[in-house]
Amino acid sequence: MRITAHADARMNQRGINKKHLGLVMDHGEHTGDKMVLSAKAARQRMVALKQEIKSLEEVAKKGGIAFVLDGVHVITAYRANSFSAAAAKKVRG
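Following my numbering, the numbering of the sequence shown begins with 11 at its first residue and continues without gaps.
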């Protein structure tokens, strides 16, 4: 997105940077000719991200997680760090 000189000046005056612009564009609500990311919506997004971080921490603590898929079906699941190529080779012959 191109930023006009006027918008760049106003952003600088108001302490708004390009990262903020990106957040508003990604998570804001289009209202007429403007995009708005309200404080409430920002807080809701923060809660969602904190929940996602918690889940990612759980996955990391387990050593990663893997799913075996067959098209649209989940066949099995296991901890990614528990897979042994040598053991799998023995099973297959």
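Ideal placement from N, C-alpha and C gives every residue a C-beta, glycine not left out.
- Message: Quick check on the DSSP output: the beta strand (DSSP E) that includes residue 79 runs from which residue to which?
- Response: Looking up residue 79 in the sequence shown gives position 69. In the DSSP assignment, residue 79 falls within the beta strand (DSSP E) that extends over 75-80.
- Message: Less than 8 Å between C-beta atoms, sequence neighbours within five positions excluded: which residues of the same chain meet that for residue 73?
- Response: Here residue 73 is taken as the residue at index 63 of the sequence shown, counted from 1. In the same chain as residue 73, and ignoring 5 residues on each side of it, the C-beta atoms closer than 8 Å to its own belong to 89, 90, 91, 92, in chain order.
- Cβ of residue 143 within 8 Å of Cβ of residue 45? No answer is possible for residue 143: the residues shown for the chain start at 11 and end at 103.
- Please report the Cβ distance between residue 37 and residue 55, rounded to the nearest whole angstrom; I am assuming they are in contact, meaning their Cβ atoms lie under 8 Å. Here residue 37 corresponds to residue number 27 of the sequence shown, with the count starting at 1. Here residue 55 corresponds to residue number 45 of the sequence shown, with the count starting at 1. With a contact defined as Cβ atoms closer than 8 Å, residue 37 and residue 55 qualify at about 5 Å.
- Query: With distances taken from CA atoms, which of 85, 32, 24 is nearest residue 11?
  - Reply: As a first step, residue 11 must be located in the sequence shown, where it is residue number 1. Ranked by Cα distance from residue 11, the first of 85, 32, 24 is 32.
- Item | Simplified DSSP state of residue 20, which is helix, strand or coil | As a working mapping, residue 20 is identified with position 10 in the sequence shown. Helix at residue 20.
- Query: Is residue 87 closer than 8 Å to residue 77 when the C-beta atoms are compared?
  - Reply: Within the sequence shown, residue 77 is the residue found at index 67, counting from 1. Within the sequence shown, residue 87 is the residue found at index 77, counting from 1. Residue 87 sits close to residue 77, with the two beta carbons spaced by under 8 Å.
- residue 3 by DSSP, collapsed to three states: which one? Here the chain has residues from 11 to 103 only, and residue 3 is not among them.
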